[in-house]
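Numbering-wise (our numbering), the sequence shown opens with residue 357 and increments by one. What follows is a short report on a single structure.
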Amino acid sequence: MVDINIEETLQRLSLDDKVALLSGVDFWHTKALPEYGVPSIRLSDGPNGIRGTRFFNSVPAACFPCGTALGATFNQELLQEAGRKMGEEALAKNVHVILGPTINMQRSPLGGRGFESIGEDPFLAGLGAAALVRGIQSTGVQATIKHFVCNEQEHKRNSVQSIVTERALREIYALPFQLVVRDSQPGAFMTAYNGLNGTFCSENRKLMEDILRKEWAWKGLVMSDWCGLYSTVEAVKAGLDLEMPGPPAFRGNLLKFAVTSGKVWPHIIDNRVREVLAFVQRCAASGAKENGPEGTKNTPETAALLRKIGNEGIVLLKNEAVLPLVTHKKTLVIGPNAKVATYSGGGSASLNPYYTVTPYDGIRQKLGSIPAYTIGAYTHKMLPLIGSQMLPRDGKAGMSWKVYNEAPGTASRRPVDELWLTNTEIYLADYTNPRIGDLWYADLEGTLVVEEDGLYDFGLVVCGTAKLFINEELLVDNATQQTLGDAFFGAGTIEVHGRINLQKAERYRVKVEFGSAPTFTLKPNTVMVGSGSLRVGCCQVIDAQQEIQKAVQLAREHEQVIICGGLNADWESESSDRSSMKLPGLLDQLIAEVAAANPKTVVVMQTGTPEEMPWLDTTPAVIQAWYGGNETGNSIADVLFGDYNPSGKLSLSFPKRLQDVPSFLNFRTEAGRTLYGEDIYLGYRYYEFAETEVNFPFGHGLSYTTFAFSDIAIQVTEETVSATFQIHNTGSLRGAEVAQMYIQPVRPAKVKRPIKELKGFSKVELEAGECREVVIQVAEKYAASYFDEERNQWCVEAGDYKVVISDSSAITEGKAVEGCFRVEKTYWWSGI
Ligand code: BGC
């Protein structure tokens, strides 16, 4: 039990001690001062699982569905349970602090990290994240809400100033954070890399002191994003407590100088240290052991929960009498996402999953027989990773990885580290080994046997240098001529390819010689390099049109067809935004032609954010399956075959094309800034206001049963608006419906306002024919207000407000009920 008397400790600490507490000691730990009873605290990503202390060769973990999938459950109880499981996962790894949830907004489908955040609506994101935080913190582990604030794009994320009106800041971007503070008191906040209106978030007094600590009366620790602190004096004065990671770039001696020269007063340092000590105290109460071992908790209960969350997040977008599929029919599975488990997006959210289930395996389980399969089209951005295609050792596909101090060719060199790697995406930012210096080498070696004669592509991405040899012959040289790309947080090269003819059943020796970061011939404009990185991929060369024709022919010969497509962690990843909203490769053509060939075709779309769907009108069934975590294939198969009746609702609008997206003109850093020109009109707030047709609206999601709402009554008591109504399962199957509460000002307000806004939701599971009374409540001040820039306060204007309970943001006759309440007198408020 850690018991720190904060004020007494502050009296005893030297300036050196205090300064040391204000930054990390390595990538994932804070400074311990054992002589004062202050332990070191361990932090770990977040937001869809707990990776632990290593990017490279990390200890396996439970992978939860991505943020947009969590949002699509619209189920606060379930998210709280998910949070609790995340807390338990953290404790198994002796982690005190989870770096999540992420609640930035999806301004554009192109945002590289859109998949991480919960959704485009501040209430969905705020209430969803608050539920996760309550769950996490019920285990004693602390949650870190991130990234505060207006970090909606990856393009030049460290230098961009987001230019945002005060109203949009408050009503859209800061509101989810405000709701999380109100409903769950998260232990920590992480500042965003970017700046807001001219001041970096990590040194923004208005954000950290005026809004967060004074207006919202939040108590907790503010940390920087990793290498997202850009000043010594400004940041510490503005309220940023902890610089991460360590060793520090801006604190340490620099901060000491700032104090001794009087640029920062000692009481400012004390304020920061006070927060760190209070936080350490809270973290230590979790019971996580200081620098404890990283274990796992891969239990059947975890698997069941992940499958349930996966089930509840999947959205049935369209179904013209195709779904659910039946197990006795002749089934064909097509698509680039069928035989890989697309379980997570990329970047710091990614982790090493306990296990994964591919959609193909999930479907095969249901059928009890082996379905026909063909790939149909390639959609990869980088070649599929080679590790899982290599011959196994001890039953595990992969390659051996041997680390040396000496360069290849040095006589009698001996490895100083040896591992067997299935994952050949190797990010060495946090790799440490006492037996090596900065400059070192590694050989990655294994045996490849291909199933078909043909041409094969091999690819290397590296931060450092790498050469790939097949049977000792050099095939890919990514050492001599290097070009910078966007992989590995912007520190890696583009993928360099080599092509070779391989014969079926022959054994090929594949070897990659790697040199660590100091051998890199390029100087990337990023600080998160560590020892470097390496990615090795391989796949057979295909004739794209012939593959489509093969798939079409097979589709004609089968009774039902499942196309598994979408994106993956290379396309949707931290550190780069996408350049297009179109699906990659010839996937659109494949879907259109297969759907034309077989009317019993269903598309399973695995993306974190929306894509254009030019084939939608002629494709009878589509499900949105996101990145579904370990159980992704099982969750998908459950929905396809009706073992789970779909209940997910879109956590963001699915526009028809990129040009329709309100941020279309402004989603990029130019001249050091990104203008949030669409203001408060993000997502459905814009599409409704501008009457722009979308493929699928926010909140949309079908079921295999039907529901009806009725008998609505609205009451306002003690400043709370309550909507009471009946929900009826009018179909013949058990299922769950999400009642969504939208508030709509009836007469024009002083300022322009969105047509209506989500203010609450409730998910109800009902037997066939069952009817239940449901109540959704929201504080009147949140239900009715807009942010009044003239007074810098929220304004609740007198007038009538419609309360709409609906199954989607698109209101359809028979699928919604309406009530009304009146605010007699205009008033203003601040705080939470
Ligand atoms: C990300 C954070 C993450 C941190 C640590 C940063 O690049 O922006 O979200 O928590 O790295 O991995």
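Note that beta-carbon positions come from the ideal geometry of N, C-alpha and C, so glycine has one too.
Looking at the backbone, the Cα of L943 and that of A900 are separated by about 10 Å. Placement of the Cβ of M546 at a distance of less than 8 Å from at least one heavy atom of the ligand BGC is found. A heavy atom of the ligand BGC is found nearer than 8 Å to the CB of F845. A1154 counts as exposed, since fewer than 16 other beta carbons sit within 10 angstroms of its beta carbon. In the three-state scheme derived from DSSP, where H, G and I count as helix and E and B as strand, G984 is classed as coil.
Taking T875 as the centre and dropping the five residues before and after it, the same chain places the C-beta of G820 and T821 closer than 6 Å to its C-beta, in chain order. Per DSSP, reduced to three states, the secondary structure at S400 is strand. In the three-state DSSP reduction, H623 falls in the helix class (H, G or I).
The beta carbons of V917 and A925 sit no closer together than 9 Å. Shortest gap from the CB of H503 to any heavy atom of the ligand BGC: under 8 Å. T458 sits in a strand when the DSSP states are folded into three classes. Look at the beta carbons and you see the segment 489-502 not touching the segment 1045-1060: under three pairs across the two are nearer than 8 Å. Remark: C-beta atoms of D539 and G482 approach each other more closely than 9 Å. In the structure shown, Q945 falls within a helical segment according to DSSP collapsed to helix, strand and coil. Only residues of its own chain outside the window of five on either side were considered, and among them V817 have a CB closer than 6 Å to the CB of A843, listed in chain order. With a cut-off of 8 Å on Cβ pairs, the segment 756-764 is in contact with the segment 794-811, counting three or more such pairs. In the three-state scheme derived from DSSP, where H, G and I count as helix and E and B as strand, K664 is classed as helix.
Annotation for Y1142: no alpha helix (DSSP H) segment contains it, though the beta strand (DSSP E) segment containing it runs Y1142 to D1144.
Contact check for W572 against Q534 passes: the beta carbons are separated by less than 9 Å.
One residue list follows from the rule of a beta carbon closer than 5 Å to any heavy atom of the ligand BGC, given in chain order as D401, L455, D581, W582 and S704. Our two residues, I792 and V772, have alpha carbons roughly 8 Å apart in a direct line.
The residues Q859 and K860, in chain order, have a CB closer than 6 Å to that of D809 in the same chain once the five nearest residues on each side in sequence are set aside. Secondary structure of G602 (DSSP, three-state): coil. Annotated three-state conformation of E774 is strand, per DSSP. Between the segment 935-942 and the segment 671-690, the count of C-beta pairs closer than 8 Å stays below three; the two stretches do not touch. Here C639 is buried: its Cβ has 16 or more other Cβ atoms, across all protein chains shown, within 10 Å. Contact between F1052 and I1161 is absent: CB atoms are separated by about 20 Å, not below the 8 Å threshold. Around the Cβ of N834, a 10 Å sphere holds 16 or more other Cβ atoms; the residue is buried. Within the segment 1054-1096, the complete beta strand (DSSP E) segments at least 3 residues long are 1063-1073 and 1076-1085, listed from N- to C-terminus. Across the set R1041, G405, G848 and C894, the C-alpha of C894 shows the shortest separation from the C-alpha of K867. Taking a contact as a CB-CB distance under 8 Å, the pair L1089 and N1001 counts as one, their CB atoms being some 6 Å apart. Positions of the beta strand (DSSP E) runs, each at least 3 residues long and wholly inside the segment 498-548, are given as 498-504, 517-519 and 544-547 in order along the chain. Annotation for I1167: no beta strand (DSSP E) segment contains it, and DSSP assigns it neither H nor E.
Each of G648, Y699, L568 and K956 was checked against the Cα of K686, and the nearest Cα belongs to K956. Exposed is the label assigned to I726, since fewer than 16 other Cβ atoms lie within 10 Å of its Cβ.
Residue environment analysis places A428 among the buried positions, since at least 16 neighbouring C-beta atoms fall within 10 angstroms of its C-beta.
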